[in-house]
Amino acid sequence: MAMRGMKVKDVPAQLKPMLSMEYVNNAIKRGMDNYHAKYIQTSSIQPLYHVCFGGMIFSYFVALPEERRHLEHLQHVKERGGH
1 MAMRGMKVKD VPAQLKPMLS MEYVNNAIKR GMDNYHAKYI QTSSIQPLYH VCFGGMIFSY
61 FVALPEERRH LEHLQHVKER GGH
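Using my numbering, you'd call the opening residue of the sequence shown number 1 and step up by one each time.
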């Protein structure tokens, strides 16, 4: 999809087909097929790394709100002259 050189009024018509559920489902299927061909069929160790690092990133984002509240509390205590 080359959007360079398109007029602004033509962009919605170009993007509208890409927002359909069928297009999204086909894109996900293509991505899964490509991943399977690249990593699973070649017996690569990469999927294990993807699961490990993905799990670490997910747990970081789950814990982030609590950690931010803790850091804000420490900053608040520091501003009041506490320990």
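Ideal Cβ positions, reconstructed from N, Cα and C, are used throughout, including at glycine.
Computed from a predicted model, the values in this text were never measured in an experiment.
Contact check, P47 vs Y39, beta carbons under 8 Å: Position 47 of the sequence shown, counted from the start, is the residue given in the question as residue 47. Position 39 of the sequence shown, counted from the start, is the residue given in the question as residue 39. For P47 and Y39, yes; Cβs fall inside 8 Å.
C52 versus R68: straight-line alpha-carbon distance, rounded: Indexing the sequence shown from 1 puts residue 52 at position 52. Indexing the sequence shown from 1 puts residue 68 at position 68. Here the alpha carbon of C52 sits roughly 24 Å from the alpha carbon of R68.
R30, DSSP secondary structure in three states: Reading the sequence shown from its first residue, position 30 is the one you call residue 30. Correct three-state label for R30: helix.
Supposed close pair K14, M6 - CB separation, criterion 8 Å: Reading the sequence shown from its first residue, position 14 is the one you call residue 14. Reading the sequence shown from its first residue, position 6 is the one you call residue 6. The displayed chain sequence assigns Gln, not Lys, to residue 14. About 7 Å separates the two Cβ atoms, so the contact holds.
As assigned by DSSP and simplified to three states, the class of I45: Residue numbering aside, residue 45 sits at position 45 when the sequence shown is read from its first letter. Under the three-state reduction of DSSP, I45 is assigned to coil, being neither helix nor strand.
Where K7 falls: helix, strand or coil (DSSP): Here residue 7 refers to the residue found at position 7 when the sequence shown is read from its first residue. Note: K7 maps to coil in three-state DSSP.
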